[in-house]
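*Asks:* Mapping of the sequence shown onto the numbering used here: residues 13 to 194, in sequence order. Structure provided below as structure tokens; questions to follow.
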Amino acid sequence: MSDAAAPERSCGTCTLCCKVLRIVELAKPNGVWCQHARPGQGCAIYSDRPPSCRAFRCGYLASPELPEAWHPARSKIVLVREPHGGITAVVDPGRPDAWKEPPYYAQLKSWAEQVVPANRQMIVRIGARTIVVLPDREVDLGLMDPGDKVIVEAQPGPFGVVYNARKAGPQRIIPSAAGPQR
Ligand code: SF4
Ligand code: SF4
């Protein structure tokens, strides 16, 4: 996805990000409608919406080269460009398999082939469920808490690099049980 602005693109009647995204200021989890959303119409507190809502611009709006099929109201997928360069496809839990359908799956795999070797991640989120898209397969990490992290590791194999993905919880400092041993 490019970062070029596409002023000609607009949300229209789409309000999908108000359902699928987590809104920290409102303590709203992924995958449920915001209490202020008016699906298909807009936001009931538009002029007072939180900063993260004001700042958000989905991948469809920000990437004019993406075909119209990626309009979130049609695809049921909200694309998010992560700050570290990865891509997250946040899927409507009401259509949890939308990402597996054409043309979406092939495009997600293509992005995975580009970003994973560059040490970035291609993630599918459906509510709290997280699926890591790798160039050759997907790894379903199941339900994740907001503090959990996705780790993708690369290991050399006889036929090239092999990628794997795992979930890591928040790091905890474990106090030492005893002093230095003599
Ligand atoms: S998902 Fe994208 S197009 Fe839909 S309402 Fe949000 S910003 Fe607009
Ligand atoms: S506050 Fe408004 S813009 Fe933000 S998620 Fe809720 S309905 Fe959407």
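Where a beta carbon is used, it is the ideal one built from N, C-alpha and C, also for glycine. Owing to the predicted nature of the structure, the values given are computational and were not obtained by experimental measurement.
1. With hydrogens ignored, establish whether the beta-carbon of Cys55 is closer than 8 Å to any heavy atom of ligand 2.
2. Buried or exposed, going by whether 16 or more other CB atoms sit within 10 Å of the CB of Asn176?
3. Is Pro62 near ligand 2, in the sense that its beta carbon is under 8 Å from a heavy atom of that ligand?
4. On the CB-based measure, 16 or more other CB atoms within 10 Å of its CB, does Val128 come out buried or exposed?
5. Mapping the DSSP letters down to three states, classify Arg66 as helix, strand or coil.
6. Would you check if the distance between the CB atom of Leu120 and the CB atom of Ala101 is smaller than 9 Å?
7. Which stretch, first to last residue, makes up the beta strand (DSSP E) that contains Gly154?
8. What did DSSP end up calling Lys88 once you bin it into helix, strand or coil?
9. Give the straight-line distance between the Cα atoms of Ala180 and Pro158, rounded to the nearest whole angstrom.
10. Hey, is Val90 close to ligand 1, as in C-beta under 8 Å from one of its heavy atoms?
11. Just to check my reading of the structure: Gln133 and Val151 have Cβ atoms closer than 8 Å, yes? What is that Cβ distance to the nearest angstrom?
*Replies:* Quick look at the numbers:
1. Here residue 55 refers to the residue found at position 43 of the sequence shown. Look at Cys55: its beta carbon is less than 8 Å from one of the heavy atoms in ligand 2.
2. Counting from 1 along the sequence shown, the entry for residue 176 is found at position 164. When all chains shown are included, Asn176 counts as exposed.
3. Along the sequence shown, one-based indexing puts residue 62 at 50. With a threshold of 8 Å, the Cβ atom of Pro62 counts as near ligand 2, since some heavy atom of the ligand is closer than that.
4. The sequence position of residue 128 within the sequence shown is 116, counting from 1. Burial call: buried.
5. Locating residue 66 in the sequence shown gives position 54, counting from the first residue. Here Arg66 sits in helix by DSSP.
6. The sequence position of residue 120 within the sequence shown is 108, counting from 1. The sequence position of residue 101 within the sequence shown is 89, counting from 1. In this structure, Ala101 lies closer than 9 Å to Leu120 by Cβ.
7. Mapped onto the sequence shown, residue 154 falls at position 142. Its beta strand (DSSP E) spans residues 150-155.
8. Taking the sequence shown and counting its residues from 1, the one referred to as residue 88 is at position 76. Lys88: coil per DSSP, three-state reduction.
9. Within the sequence shown, numbered from 1, the residue matching residue 180 stands at position 168. Within the sequence shown, numbered from 1, the residue matching residue 158 stands at position 146. One C-alpha to the other measures close to 11 Å.
10. Here residue 90 is taken as the residue at index 78 of the sequence shown, counted from 1. Yes, Cβ of Val90 sits closer than 8 Å to a heavy atom of ligand 1.
11. Reading the sequence shown from its first residue, position 121 is the one you call residue 133. Reading the sequence shown from its first residue, position 139 is the one you call residue 151. Actually they are not in contact, since the Cβ atoms of Gln133 and Val151 sit about 11 Å apart, beyond 8 Å.
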